[in-house]
Structures are given as structure tokens and as C-alpha cells.
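Final position of the sequence shown in full-length UniProt numbering is 270; the numbers increase by one with none missing. For glycine and all other residues, C-beta sits at the position ideal for the given N, C-alpha and C. Please read all numbers here as calculations on a predicted model, not as lab measurements.
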Amino acid sequence: MKISFIGGGNMAAAMIGGMVKQGFAGTDIHVVEPDAAKRAELAQQFGISTGSPDEALPASTAVIFAVKPQQLRSVAAALAPQLAGSLVISIAAGVRADTLGRWLGGLDRVVRVMPNTPALVQAGISGAYASPGATADDKALAERILGSIGETVWVADEEEIDGITAISGSGPAYVFYFIESLQAAARAQGFAPETARKLAYQTFAGAIKLALQSDDDAATLRQKVTSKGGTTERAINALENSQVRSTIIAAASAAAARSRELGEELGRDD
Ligand SMILES: NC(=O)C1=CN([C@@H]2O[C@H](COP(=O)(O)OP(=O)(O)OC[C@H]3O[C@@H](n4cnc5c(N)ncnc54)[C@H](O)[C@@H]3O)[C@@H](O)[C@H]2O)C=CC1
Ligand SMILES: O=C(O)[C@@H]1CCC=N1
1 MKISFIGGGN
11 MAAAMIGGMV
21 KQGFAGTDIH
31 VVEPDAAKRA
41 ELAQQFGIST
51 GSPDEALPAS
61 TAVIFAVKPQ
71 QLRSVAAALA
81 PQLAGSLVIS
91 IAAGVRADTL
101 GRWLGGLDRV
111 VRVMPNTPAL
121 VQAGISGAYA
131 SPGATADDKA
141 LAERILGSIG
151 ETVWVADEEE
161 IDGITAISGS
171 GPAYVFYFIE
181 SLQAAARAQG
191 FAPETARKLA
201 YQTFAGAIKL
211 ALQSDDDAAT
221 LRQKVTSKGG
231 TTERAINALE
241 NSQVRSTIIA
251 AASAAAARSR
261 ELGEELGRDD
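Here is the structure:
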């Protein structure tokens, strides 16, 4: 078994970190990455093998493309001759499975995945779409890799991957944005940075733990914090008056539109 990542950036590092913690042997994982400093760090951190793009790829059971969407075409074309027996997994935002297959010279064992960075702590969620050429064994291998970094939602309609990108792929950034904002609010209340961080982080950690363990939905849990005529009501009114909810929905919609747009831009034949 050899799983090779093409691109050793943020998302590849998060996936590899999760896989190694789950028991994948470091020696079964290889990364192709042009940046020597990143290669050294990944090798040291996870005990994996690495190589630069101009070195031959080891024979790989699965190859995971983790380069930027705009780099994928040239990177895929260069590697195509070495991928005949491999399952191809792509995590690139926007790029459709059949587009990648075409760039690979007609290869059709492609699984398109949208993971997220909590993969690093095995708390990720990935969307996955298997192209018609992917076999049951291919899907099982993809499921095993993705299962080691969190949960997986398989979709039969590839367009749903654009929506998953907007919600859980990009979603950690929205959550971190909210955490940053709550920390800034704590600072504005006069708390020192460390206390502001502690208050904001533990509020998030506690709220999600409660939500996951509760039979109540999020709206009910929110109402239970909100006493009539009290403090939370004032805050929620301020959020509603600023249309924060519809702004979040619009933000996710913008992300989904960008995913579709990337697919169209990059999938176009020049
Ligand atoms: N960061 C995130 O939260 C998520 C990212 N993605 C997708 O993952 C992919 C990678 O994103 P990031 O890790 O954030 O970007 P990144 O910029 O951190 O990583 C890309 C890596 O590819 C390397 N690279 C460039 N040319 C290469 C070549 N010829 N061969 C091999 N490697 C090469 C770069 O040096 C870099 O380390 C993107 O397609 C993105 O859409 C998907 C889900 C979430
Ligand atoms: O921002 C991006 O394009 C990538 C895809 C989802 C998260 N990061």
C-alpha cells in the first residue's frame, strides 16, 4: 500500500496528520512537493517519504492531488504516464472529476473529495463523489482514507460537492472568523488577550459539546440561553438587525458559486 500526495501544503498536511494518528504507517505515505523546507518538515513530523516533482513517483495504490486548482492541469498532465494503475483522488476545489480525468489522458478512476482542515485532529468531514469508472474497491479505499480523518458524506450528484465546499470545506474559516470576533469583543470589554482567548475558545468548545450531546436543536438551545428581557436577547436582536443570518447564507452561496465558476473556468478547453 502506498498513498502518494501531490502537493504537501496545508490540506495535505492536515490529511496526513489525521491518517498517521489513525494508524496509517508513515512509510505507506509519500508526498511530492517542490518546496524543500515543506518536504523536510513533513518527513520529520510524520515519518513519511517525500520527493520533488522532477523525481519519479513510487508505484502508488492511490494518488491524492492536493495542489491549487489552477495548478492541477499541468501537474496532472506531467504525472499521467505514471498513474495507469492508481486510484486518483482530487481534493481541488471546483475541478470536476471528468475534467481531471481528461487532463490525465482519459483516466476514469477518479474520486473527487472536499475535505476540511479539522482532518488534522481527525474531526474532519469530507464530501466525496466517485466517477462512473471508480470501482467498489476504489470507493472502499477512499472511504478508508477519509474515515481516518473524520466523517464522509458520499454524493451521487457531483454538483453537491460545490455545496459541500461552501459549507464544510470553507466552513472552518467562518467558524474561526466568529471565534476571532468573539475574542475581539472580549478585548473590547477590557480582558487581557489570554483571558479573551480562553473565554472565546471555551464558549465555542462548550457550546458545540452541548449541541452534539443534546436532543434539542440549535435554535432551542439558543432560546434556552435567551431570557426574556435579558442580555442575550439584546445581543441576538443586534445580530438580527445586522442581518447576520442572511449574510452567512449569502457568504456560503458565494463560496458555492465560486466553486462552480472554478469548475467552468478550469474545465474549459483552451
Ligand atoms: N485549505 C483548505 O482548507 C482546503 C483546501 N482544499 C483544496 O486543497 C488544495 C490545496 O490547498 P492548500 O493545501 O490549502 O494549498 P497550499 O498552497 O497550502 O498547498 C499546495 C501545495 O502544492 C505545492 N505544489 C506546487 N506545485 C506543485 C507541483 N508541481 N507538484 C507538487 N506540489 C506542488 C505547493 O508548493 C504547495 O505546498 C486546493 O486545491 C484546495 O482547493 C480542499 C479543502 C479544504
Ligand atoms: O478556499 C478554498 O478555495 C479552499 C477550498 C475549501 C477550503 N479552502
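| Item | Value |
| --- | --- |
| Give the list of continuous alpha helix (DSSP H) stretches no shorter than 4 residues that lie fully inside the region 26-74. | 36-46 |
| Is Glu268 helix, strand or coil by DSSP? | According to the sequence provided, residue 268 is Arg. The question's Glu does not apply to it. If DSSP states are grouped into helix, strand and coil, Arg268 belongs with coil. |
| Under 5 Å from any heavy atom of ligand 2, by CB: list those residues in chain order, please. | Ala93, Gly169, Ser170 |
| Do you know offhand how far Leu100's Cα is from Asp108's? | 9 Å |
| Using DSSP with H/G/I as helix, E/B as strand and the rest coil, what is Met19? | helix |
| Hey, could you find the ends of the beta strand (DSSP E) Leu83 is sitting in? | Segment: none, Leu83 is in no beta strand (DSSP E) and carries neither H nor E. |
| With Tyr129 and Arg112 assumed to form a contact (beta carbons below 8 Å), what rounded beta-carbon distance in angstroms separates them? | 5 Å |
| Can we count Ala117 as close to ligand 1, meaning its CB is less than 7 Å from some heavy atom? | Correcting the residue type first, residue 117 is Thr in the shown sequence and not Ala. Yes - ligand 1 has a heavy atom lying nearer than 7 Å to the Cβ of Thr117. |
| Excluding the 5 residues preceding and the 5 following Val20 in the sequence, name in chain order all residues of the same chain whose CB lies nearer than 8 Å to its CB. | Gly26, Ile29, Phe46, Gly47, Ile48 |
| To which residues of the same chain is Ala77 closer than 7 Å at the C-beta, ignoring the five residues directly before and after it? | Trp103 |
| If you reduce the DSSP assignment to three classes, tell me which class Gly171 lands in. | helix |
| Would the beta-carbon of Leu146 fall within 8 Å of that of Ser126? | yes |
| Alpha carbon to alpha carbon, how far is Asn10 from Gln202? Give it in angstroms, no decimals. | 25 Å |
| What whole-angstrom Cβ distance do Ser4 and Ser60 have, given they're in contact under 8 Å? | 4 Å |
| Measure the C-alpha to C-alpha separation of Gly51 and Ser86 and round it to an integer number of angstroms. | 18 Å |
| Just reading off the beta strand (DSSP E) that Thr152 is part of, what are its end residues? | 150-154 |
| Check whether the Cβ of Gln202 sits closer than 7 Å to any heavy atom of ligand 3, and report yes or no. | Absence of ligand 3 from the depicted structure is noted, with ligand 1 and ligand 2 being the only ligands included. |
| Taking the CB atoms as reference points, tell me whether Ala200 and Leu182 lie closer together than 8 Å. | yes |
| Given Met15, which residues of its chain have a CB within under 7 Å of its CB, disregarding the five upstream and five downstream residues? | Pro115, Ala119, Ile149 |
| Assign Gly230 to one of two classes, buried (16 or more other C-beta atoms within 10 Å of its C-beta) or exposed (fewer than that). | exposed |
| Looking only at its chain, what residues have a beta carbon closer than 8 Å to the beta carbon of Ala218, apart from the 5 residues adjacent to it on each side? | Ala211 |
| Under DSSP, the alpha helix (DSSP H) around Val111 begins and ends at which residues? | Premise fails: Val111 lies in the beta strand (DSSP E), 110-114, not in any alpha helix (DSSP H). |
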